[in-house]
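Asker: Starting off with a structure, shown below.
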Amino acid sequence: DLGLVTLTEAAFEGDNLARAVAAHLNFHLTPENRTFTGKRGRTRLVVTTAAATPEYVNELVPHLDYDEKLVLASTSVDPDAQQTLRKACQGSRVVHIPNDLFRVHEIEG
């Protein structure tokens, strides 16, 4: 009724969150990669419960190849992280979990 999307505790068990976000965004998981959670074409995915901050963005960007983009999906997002990522790697984006992934739709009637 409040228009909020929440996650259950089960979302944080094992790799459930990473698998769910990767599937929702159509990424293939890359469990062998220590930096990135998934890949879709030339775009890499990071799913994390750590805060997406400008500092965290700056740690990830050097791991990208020259023409790759990044989708950083986090349960906590610093407002400056988006701008930092776009400046560092054009076409990349920061996604808040769950708000940017799952929208609450009002039911008419």
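My numbering puts the sequence shown at residues 2 to 110.
All C-beta atoms, glycine included, are put in the ideal place defined by N, C-alpha and C.
When DSSP labels each residue in this structure, what does Ile108 get in the three-state scheme?
Answerer: Locating residue 108 in the sequence shown gives position 107, counting from the first residue. Any reading at Ile108 must be qualified, since the residue scores a pLDDT of 36, below 50, and its modelled position is unreliable; no value is offered.
Asker: Excluding the 5 residues flanking Gln163 on each side, which residues of the same chain have their C-beta closer than 6 Å to its C-beta?
Answerer: Nothing about residue 163 can be reported from this structure: the residues present for the chain run from 2 to 110 only.
Asker: Could you check what DSSP says for Thr36 in three-state terms: helix, strand or coil?
Answerer: The residue labelled residue 36 in the question sits at position 35 within the sequence shown. The answer is coil: DSSP assigns Thr36 none of H, G, I, E or B.
Asker: What runs of the beta strand (DSSP E), each 3 residues or longer, lie entirely inside the segment 29-90?
Answerer: The qualifying runs are 39-41, 44-49 and 70-75.
Asker: Along the chain, where does the alpha helix (DSSP H) containing Leu18 start, and where does it finish?
Answerer: Here residue 18 refers to the residue found at position 17 when the sequence shown is read from its first residue. Note, Leu18: alpha helix (DSSP H), Asn17 to His25.
Asker: Taking the straight line between their C-alpha atoms, what separation do you get for Thr44 and Thr36?
Answerer: By one-based count along the sequence shown, residue 44 stands at place 43. By one-based count along the sequence shown, residue 36 stands at place 35. Their Cα atoms are separated by approximately 13 Å.
Asker: Within the same chain, show all residues whose beta-carbon is closer than 6 Å to that of Ala74, passing over the 5 residues directly before and after it, in chain order.
Answerer: For the purposes of this step, residue 74 is taken as the residue at position 73 of the sequence shown. These residues qualify, in order along the chain: Val22, Val48, Val96 and Ile98.
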